[in-house]
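Chains A and B, in that order, are what the protein sequence lines are. For the first sequence, the numbering used here assigns the number 1 to the initial residue and increments by one for each residue that follows. For the second sequence, the numbering used here assigns the number 1001 to the initial residue and increments by one for each residue that follows. Contents: one structure, followed by commentary.
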Amino acid sequence: GEDVEQSLFLSVREGDSSVINCTYTDSSSTYLYWYKQEPGAGLQLLTYIFSNMDMKQDQRLTVLLNKKDKHLSLRIADTQTGDSAIYFCAETGGSYIPTFGRGTSLIVHP
Amino acid sequence: EAQVTQNPRYLITVTGKKLTVTCSQNMNHEYMSWYRQDPGLGLRQIYYSMNVEVTDKGDVPEGYKVSRKEKRNFPLILESPSPNQTSLYFCASSVTGQGQFYEQYFGPGTRLTVT
């Protein structure tokens, strides 16, 4: 089946930028998503990008998509302690049922 | 308030004792699904439903059953739970269609421990 890969951990200092990377294998991916999971909570959609876009910016969040390399990244500018969470990359292909990565734990320290 | 609710939030049970985890959404969504989340494995889909009386297997359906008799409810049934089903379970819902973006709304999770 299709696969989505992410690194498991990222540690950054408060105020720095965070970049979380994701690679996927499904060449028919239509939408790519970033979800955030805070401790003890369900997943919440942060942002998404359509496969014909290269970049999407939403306040402190920037999503970059390299469709040729099947690489997706999420940049969080001015990272705050409240950004500490698990971030999931996900994609939907023709089935419109998402495949999730394993999640990247972002740790923000003072 | 638009939401997906799950009950119970926490459950400790013993091997073989049948249990049901309920899921309900108030957004009139056609699509509902169940995931389990395990450390290092991320989210894996158990079952999904495209509409009432339409269900299908996800990636890890063994040991689970679901039903979709009403649009708003999608219970997860473990007929004979085993310790390897100890996990964090999430229900989610969304609208469906083609060529459109569909955000999934997740419930708060049910932490199940089978001893």
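Where is the CB? At the ideal position from N, CA and C, for every residue including glycine.
According to DSSP, is residue i helix, strand or coil?
i, result
"glutamine 80 of chain A", "coil"
"glutamine 59 of chain A", "coil"
"glutamine 1104 of chain B", "coil"
"glutamine 1003 of chain B", "coil"
"asparagine 1028 of chain B", "coil"
"asparagine 1084 of chain B", "helix"
"aspartate 69 of chain A", "coil"
"valine 1095 of chain B", "coil"
"valine 1115 of chain B", "Contrary to the premise, residue 1115 of chain B reads as threonine rather than valine in this sequence. Three-state DSSP puts threonine 1115 of chain B in coil, outside helix and strand."
"glutamate 1079 of chain B", "coil"
"asparagine 1051 of chain B", "strand"
Mark residue i as exposed unless 16 or more other C-beta atoms lie within 10 angstroms of its C-beta, in which case mark it buried.
i, result
"threonine 99 of chain A", "buried"
"arginine 1068 of chain B", "buried"
"histidine 109 of chain A", "exposed"
"alanine 41 of chain A", "exposed"
"glutamate 91 of chain A", "buried"
"arginine 13 of chain A", "exposed"
Give the straight-line distance between the Cα atoms of residue i and residue j, rounded to the nearest whole angstrom.
i, j, result
"proline 1008 of chain B", "glutamine 1037 of chain B", "16 Å"
"tyrosine 1010 of chain B", "aspartate 3 of chain A", "30 Å"
"aspartate 1059 of chain B", "tyrosine 1048 of chain B", "10 Å"
"glycine 1116 of chain B", "tyrosine 1089 of chain B", "Because chain B is modelled from 1001 through 1115, residue 1116 of chain B falls outside the range shown and cannot be assessed."
"serine 1080 of chain B", "lysine 1018 of chain B", "5 Å"
"isoleucine 49 of chain A", "threonine 1115 of chain B", "42 Å"
"leucine 64 of chain A", "aspartate 26 of chain A", "17 Å"
In the DSSP assignment, the beta strand (DSSP E) including residue i goes from what residue to what residue?
i, result
"valine 4 of chain A", "4 to 6"
"glycine 101 of chain A", "Note, glycine 101 of chain A: premise wrong, no beta strand (DSSP E); not H, not E."
"asparagine 1073 of chain B", "Where asparagine 1073 of chain B is concerned, there is no enclosing beta strand (DSSP E), given that its DSSP letter is neither H nor E."
"lysine 36 of chain A", "31 to 37"
"serine 18 of chain A", "18 to 24"
"arginine 13 of chain A", "9 to 13"
"threonine 92 of chain A", "85 to 92"
Compare the C-alpha of residue i against each of the options and name the closest.
i, options, result
"glutamate 1053 of chain B", "B/Val1066, B/Cys1091 and B/Gln1104", "B/Val1066"
"methionine 53 of chain A", "A/Gln37, A/Arg13, A/Thr79 and A/His71", "A/His71"
"serine 11 of chain A", "A/Ala41, A/Asp83 and A/Thr23", "A/Asp83"
"alanine 1092 of chain B", "B/Pro1039, B/Asn1026, B/Lys1017 and B/Glu1062", "B/Asn1026"
"glycine 1063 of chain B", "B/Pro1108, B/Gln1085, B/Tyr1089 and B/Glu1103", "B/Gln1085"
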